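First comes the structure, then the notes that go with it.
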Amino acid sequence: MKQYLPRLKEALKSSAGTSQIPILIAALHPKMLDLAASEANGTFPYLVPPEHTAKVRAQIGSHPWLCVEQAVILEADAAKARAAARQFMSLYIPNLPNYVNNLRALGYSDADFQNGCSDRLVDAIVAWGTEGKIRERIQAHLAAGATDVCIQALRSDSPASLSPDVRAIEALAPGN
33 MKQYLPRLKE ALKSSAGTSQ IPILIAALHP KMLDLAASEA NGTFPYLVPP EHTAKVRAQI
93 GSHPWLCVEQ AVILEADAAK ARAAARQFMS LYIPNLPNYV NNLRALGYSD ADFQNGCSDR
153 LVDAIVAWGT EGKIRERIQA HLAAGATDVC IQALRSDSPA SLSPDVRAIE ALAPGN
């Protein structure tokens with residue numbers, strides 16, 4: 033990545049005629065976060081709770097962008113919401129060790145990763161419920177130091193669908 037970033041910056045400068053195109057690194061762990069802070073415009077952490085956002089902001093300082101992904105499910109029924117969240121999370125946990133290790137560093141244990149993940153872990157990663165409850169989670173990331181929170185609007189009626197929940201996007205759009 034250290035060799036890649038200068039090449040990327042040069043390619044962007046020559047193709048766009050400017051070096052003002054922002055570069056964000058999808059970083060979770062300390063070394064990549066340091067690189068995102070020093071050599072890029074910031075970071076875009078994925079599959080993280082607000083406590084990770086606070087930890088990252090403390091590490092990278094106040095200047096770099098911290099654009100956090102937050103999966104959301106506009107569904108008040110806990111069983112439906114958690115079932116959809118578990119299906120979404122199964123793409124990452126336990127299959128991708130970088131996400132599991134990041135969550136372990138935040139205090140989650142092996143028990144949290146078993147049987148489709150614990151309710152505690154599901155609730156930490158996927159904001160579900162009413163619009164108000166989801167907005168509270170978005171606000172928690174902002175209060176923890178996120179510059180932006182990018183929602184991934186999952187569907188409770190069809191969790192495997194690649195099409196987002198447009199209702200959630202419209203309800204949670206800035207200005208609504």
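Mapping of the sequence shown onto my numbering: residues 33 to 208, in sequence order. Even glycine gets a Cβ: it sits at the ideal position worked out from N, Cα and C. Computed from a prediction, not measured in an experiment: that's the story for all the values here.
A residue is called buried when at least 16 other Cβ atoms come within 10 angstroms of its Cβ; S46 does not meet this threshold and is exposed. When secondary structure is reduced to three states using DSSP, E163 falls in the helix class.
The alpha carbon of K34 has as its nearest neighbour, out of P54, V158 and L65, the alpha carbon of L65. Annotation for E101: the continuous beta strand (DSSP E) segment containing it runs W97 to I105.
Taking C-beta atoms as the reference points, R118 and C99 fail to come closer than 8 Å. Counting of Cβ neighbours within 10 angstroms places K87 among the buried residues, the total reaching 16 or more.
Distance check between L204 and each of Q91, I105, A137 and V154 places I105 closest, using alpha-carbon atoms only. Only residues of its own chain outside the window of five on either side were considered, and among them L65, A68 and T75 have a CB closer than 6 Å to the CB of A59, listed in chain order.
The beta carbons of A185 and P82 sit no closer together than 8 Å. In this structure, the straight-line span from the alpha carbon of T85 to that of E42 is close to 30 Å. Positions of the beta strand (DSSP E) runs, each at least 3 residues long and wholly inside the region 119-164, are given as 158-160 in order along the chain. Going by C-alpha positions, D144 is about 7 Å away from R152.
Under the 10 Å beta carbon count, A110 is surrounded by fewer than 16 other beta carbons and is classified as exposed.
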